[in-house]
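Structure record follows, encoded as structure tokens.
2 protein chains.
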Amino acid sequence: MPKQLIECIPNISEGRRAEVYDEIVAAIKAVPGVTLLDHTHDTDHNRSVLTFVGPGEALKQAVRVLYTKVLPLIDLTRHSGAHPRMGAVDVVPFVPIRNATMQDCVTLALEVGKMIAEEFKVPVFLYEEAASAPHRGNLSDIRKGEFEGLPEKMKDPRWHPDYGPAQPHPTAGATAVGARMPLIAYNINLGTSDINVAKQIAKAVRGSSGGLVYVKAMGVPLANRPAVQVSMNLVNYKKTPMYRVFEMVRAEAQRYGVPIVGSEIVGLLPQEALLEAAAYYLQVENWSPRLVLENNLEAES
Amino acid sequence: MPKQLIECIPNISEGRRAEVYDEIVAAIKAVPGVTLLDHTHDTDHNRSVLTFVGPGEALKQAVRVLYTKVLPLIDLTRHSGAHPRMGAVDVVPFVPIRNATMQDCVTLALEVGKMIAEEFKVPVFLYEEAASAPHRGNLSDIRKGEFEGLPEKMKDPRWHPDYGPAQPHPTAGATAVGARMPLIAYNINLGTSDINVAKQIAKAVRGSSGGLVYVKAMGVPLANRPAVQVSMNLVNYKKTPMYRVFEMVRAEAQRYGVPIVGSEIVGLLPQEALLEAAAYYLQVENWSPRLVLENNLEAES
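So the sequence lines, in the order shown, correspond to chains F and C.
Using the working numbering, the letters of the first sequence map in sequence onto residues 6 to 306.
Using the working numbering, the letters of the second sequence map in sequence onto residues 6 to 306.
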């Protein structure tokens, strides 16, 4: 059977004390079957993001190791930072990568959520594709009020946790565990210094103001060059492919006589997102990912 | 150490007797470490093409198994077909795919060539990147005269084999063993029924008449639709990328007011060729294959 690969991207509420997050990162690295792809630490946000992949069972063990390390080391009653947070382990998303479906990730989120609640007495809220009710789908709604507001918020039956105690953990708060599509952070640079052009284009392409439903976008200035940027998150690259976003930005920019001077991919992205763009621009009539030699190797292994 | 993957695409002179080529294919499939990706059989050409991958050592064993099967089953003195051929096993190219360089493939070609000569008494000519002299680089020059012309041709010192006897094998002839880049078979369809447009564009883009050096092209009519085709082989997609070929065909077609209506990839192609096209069209400034999540997994395994 082909090896299942799921990505797990826990966000933890420590981005300043290197001795703390280094110890946590080292422990994850040592979990058999898990490959750590990336870890970033932000002092302003006082938050770290770990990215690792593996089959579901290995990821479950990695999350167990994560809590074992985090609980004695991170105390949210002493935590401050720019990023909203409600837990020492704040959020644990699972993302299908290879030989795994979204349903596999939902099943894993439920299983891992239950394990966290039972073994560590931390209440768990399921979110996004794993959410147990429509009002609990959006992470920002779950986290609204943050760690400090949890004791009051959790009295509301609409905000009872999916697993675990009815009150927050005294130092670790609560965790959101979910399943979602891979997110692509994609920025397009425009040949103008007029920030309003970037803001207008961002408004035109993002779902929240009438544009593409799976695009989040904002216009931002660039410090070191005479250009402005449409900074985006593509939250479902299968339903809203990269090339469509690129072409819509290009079409909107034409209204201002502004060219696209380049673009930037932040972090990692799934191969399929770029292959689809190539197939679009090269107008491949018989397109299938099976045309890619390497994809035939992986299916066999 | 990352696992070495080299592709081997032997062409054998049997494409009609299914019981013969099925037995050969089954034997290759059973070689440990080898993954058979594809096999095609052409009755007009009376020729079969096997495509398999693996590390060098496994491929060497696969070629040994190939000769063990082919020698008693295929007799070139009784062979006819449209495709030029000089051997029962006609040509054995090695192509670097992953964690392998062209030099690795050249080394492997020499080693396998020597093995074929010693163990099976079949003379071997090295070709393309593995060639021992400039006049022996091109496969069609080596094969000129075919099986029937070999006894006379091999008397010329310029056509002594690199390994093995100074005369052809009585029933198996000789084999060309080489190393080359992956070849991409790529066809672009034009929205006209005028075959001359396809022929003129093919002439403009192919290296042999002044176009792109690593492109072979011809204009062909399409039987089942009102379109014509520029049918191409891209023999070095790293130096002449797909998008550049596509854009040159588009630019040439504009002279005739003819649109590109689609394109077609024949067989398999390396992932990198499409990723580079995506990076070009999306104008990615920070492009690197390392941005692709899956490529980070493979580097670790």
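Glycine is no exception: its CB is placed at the ideal position from the N, C-alpha and C atoms.
Neighbour-count burial assignment, residue i, 16 or more Cβ in a 10 Å radius
| i | result |
| --- | --- |
| aspartate 43(F) | exposed |
| glycine 20(C) | buried |
| glutamate 305(C) | Legend: pLDDT at glutamate 305(C) = 43, less than 50; position of this residue unreliable, value from coordinates given subsequently. Burial call: exposed. |
| arginine 141(C) | buried |
| serine 214(C) | exposed |
| aspartate 161(C) | exposed |
| aspartate 49(F) | exposed |
| alanine 179(C) | buried |
| arginine 148(C) | buried |
| histidine 165(F) | exposed |
| serine 3(C) | For residue 3(C) there is no data in the structure shown, the boundaries of chain C being 6 and 306. |
| asparagine 192(F) | buried |
| glutamate 257(F) | buried |
| arginine 52(C) | buried |
| alanine 122(F) | buried |
| asparagine 194(C) | buried |
| serine 18(F) | buried |
| serine 268(F) | buried |
| glutamine 234(C) | buried |
| glutamate 290(F) | exposed |
| glutamate 133(C) | buried |
| arginine 103(C) | buried |
Other residues of its chain near residue i: CB distance less than 8 angstroms, five sequence neighbours each side excluded
| i | result |
| --- | --- |
| leucine 244(C) | Reading the sequence as shown, one finds lysine at residue 244(C) and not leucine. Hits under 8 angstroms: Val218 and Tyr219. |
| arginine 255(C) | Ile265 |
| proline 175(F) | Thr82 |
| proline 60(C) | Lys8, Gln9, Leu10, Ile11 and Gly38 |
| leucine 273(C) | Leu42, Asp43 and Thr56 |
Bridge partners - residue i, DSSP secondary structure assignment
| i | result |
| --- | --- |
| histidine 140(F) | Beta-bridge pairing links histidine 140(F) to no other residue. |
| threonine 45(C) | Val54(C) |
| leucine 302(F) | Paired residues: none, contrary to the question. |
| threonine 40(C) | Val58(C) |
| histidine 174(C) | Gly178(C) |
| isoleucine 17(F) | Ser53(F) and Val94(F) |
| valine 233(C) | Leu195(C) and Pro226(C) |
| isoleucine 11(C) | Gly59(C) and Pro101(C) |
| tyrosine 26(F) | None, per the DSSP bridge assignment. |
| glutamate 133(C) | Ala184(C) |
Residues of its chain near residue i, where Cβ-Cβ distance is below 7 angstroms and the 5 sequence neighbours each way are ignored
| i | result |
| --- | --- |
| valine 70(F) | Ala32, Ile33 and Val36 |
| phenylalanine 57(C) | Cys13, Ile33, Val39, Thr40, Leu41, Leu42 and Ala67 |
| aspartate 167(C) | Gly118, Val129, Phe130, Leu131 and Ser137 |
| leucine 155(C) | Met91, Pro173, Gly178 and Ala179 |
| lysine 126(F) | Gly169, Pro170 and His174 |
| serine 145(C) | none |
| tyrosine 1(C) | Beyond the ends of chain C as shown, which are 6 and 306, falls residue 1(C); an answer cannot be given. |
| glycine 196(C) | Ala232, Val263, Pro264 and Val266 |
| glutamate 277(C) | Pro294 |
| glutamate 116(C) | Lys65 |
Residues of its chain near residue i, where Cβ-Cβ distance is below 6 angstroms and the 5 sequence neighbours each way are ignored
| i | result |
| --- | --- |
| tyrosine 261(C) | Val202 |
| isoleucine 29(F) | Lys74 |
| alanine 135(C) | Val111, Ala114, Gly183 and Ala184 |
| proline 187(F) | Val100 and Pro275 |
| proline 246(F) | Glu281 |
| valine 96(F) | Asn16 and Ala181 |
| tryptophan 292(C) | Ala284 |
| asparagine 241(C) | Met186 and Tyr219 |
| proline 98(F) | Ile14, Gly183 and Arg185 |
| serine 198(C) | Pro231 |
Contact with chain A by residue i, beta-carbon distance below 7 angstroms
| i | result |
| --- | --- |
| valine 220(F) | Absent here is chain A; the protein component of the structure consists of chains F and C. |
Item to check | Any beta strand (DSSP E) of 3 or more consecutive residues that is wholly inside the region 178–230 of chain F | outcome: 180–184, 189–195 and 220–226
Item to check | alpha helix (DSSP H) runs contained entirely in the region 55–130 of chain F, provided each spans 4 or more residues | outcome: 61–78 and 107–125
Item to check | Sequence ranges, beta strand (DSSP E) only - wholly within the region 236–298 of chain C, length at least 3 | outcome: 265–271
Checklist entry - At a Cβ cut of 7 angstroms, what residues of the region 273–293 of chain F count as close to chain C, listed as they run along the chain? => result Leu273, Leu274, Pro275, Gln276, Leu279, Leu280, Ala282, Ala283, Tyr286, Leu287, Gln288, Val289, Glu290 and Asn291
Checklist entry - What are the residues of the region 30–45 of chain C that lie near chain F, defined by any Cβ-Cβ distance shorter than 7 angstroms? => result Thr40 and Leu42
Item to check | Against chain C: residues of the region 244–270 of chain F by CB proximity under 8 angstroms | outcome: Met247, Tyr248, Phe251, Ile265, Val266, Gly267, Ser268, Glu269 and Ile270
Next on the checklist: So if I threshold CB-CB distances at 8 angstroms, which residues from the region 91–125 of chain C count as touching chain F?
Outcome noted: Ile102 and Arg103
Next on the checklist: Any C-beta of chain F within less than 7 angstroms: which residues of the region 58–74 of chain C qualify?
Outcome noted: Val58
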